[in-house]
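Asks: According to our numbering, the sequence shown is numbered sequentially starting from 48. We treat Cβ as the ideally placed atom computed from N, Cα and C, and that holds for glycine. Owing to the predicted nature of the structure, the values given are computational and were not obtained by experimental measurement.
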Amino acid sequence: MLIERVCLALMLALVGDVFLGVFSRYILQATFQWYDEVARLCFIWIVFLGAAVAVKRGMHFRMRLVVDRLGPSAARFADRLVTLATVAFGAVLVAGGYGIYPIAQRQVTDALEISMLWFYAALPVGGALIIFYALQQAWQRTRVPALSRSRCSFS
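#1: Rank 163, 186, 170, 181 by C-alpha distance to the C-alpha of residue 85 and give the top, closest one.
#2: Under the three-state reduction of DSSP, which class applies to residue 163: helix, strand or coil?
#3: Answer yes or no: do residue 92 and residue 57 have a C-beta to C-beta separation smaller than 9 Å?
#4: Can you check which of these residues, 129, 160, 151, is closest to residue 188 by C-alpha distance?
#5: With C-beta atoms as the reference, is residue 95 less than 9 Å away from residue 151?
#6: Sorted by chain position, which residues of the same chain lie with C-beta nearer than 7 Å to residue 114's C-beta, five sequence neighbours on each side aside?
#7: Assuming residue 150 is part of the alpha helix (DSSP H), what are its boundary residues?
#8: Can you give me the C-alpha to C-alpha distance between residue 132 and residue 117, rounded to a whole angstrom?
#9: By Cβ distance, which residues of its chain are closer than 6 Å to residue 175, with the 5 residues on each side in sequence left out?
#10: Whole angstroms are fine: how far does the CA of residue 67 sit from the CA of residue 75?
#11: Who are residue 155's beta bridge partners in DSSP?
#12: Specify the secondary structure class of residue 182 as computed by DSSP and reduced to three states.
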C-alpha cells in the first residue's frame, strides 16, 4: 500500500535525521540548524498518515472488551457508532486543516524557510484518508452479510 510505504520512508528519514542531529551535537560539537524541523515534519506526517493506515486495517481505538460482550444487534450498532465517530474525527481534521490555511500560508520555518503549509497539510490529508477508509470499511461490512446470506440460500 502506497501510504504504508510513505510512512516507512518518513520513518527512515526521521531516524536518519535524528541520528544526524545527535551526531552533530555530541560528536561534531555543532548542531545542524535544520534537523529539528525535518524531524517535526516527518513525525507530523507519520502520525496522521499512520492514523489513516490504522483505520484502513481496522486497528483504530475500539472498546473490544465492551463490544465483544454485546449481542449481535448491539454490536452492529456499536460498530456503526464507532464508524460515525471515526468519520467525524476525520471531518474535524479536514476542517481544522482547511481553517488554518490562511495563517499557515504566511508562515515559514526558521531554518529551512519552507512554508508551514507543509506541516499543516498533514491534517486535511490524514483526515480525508481516515474518512475514505472508514467509509470503505463500513461499505464492506454492509456488503459481506448480504453475500453470506446469498451463499447460504444456494446451499
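Replies: If we stick to the structure as given:
#1: 163
#2: coil
#3: yes
#4: 129
#5: no
#6: 122, 125
#7: 119-151
#8: 19 Å
#9: 141
#10: 10 Å
#11: 162
#12: helix
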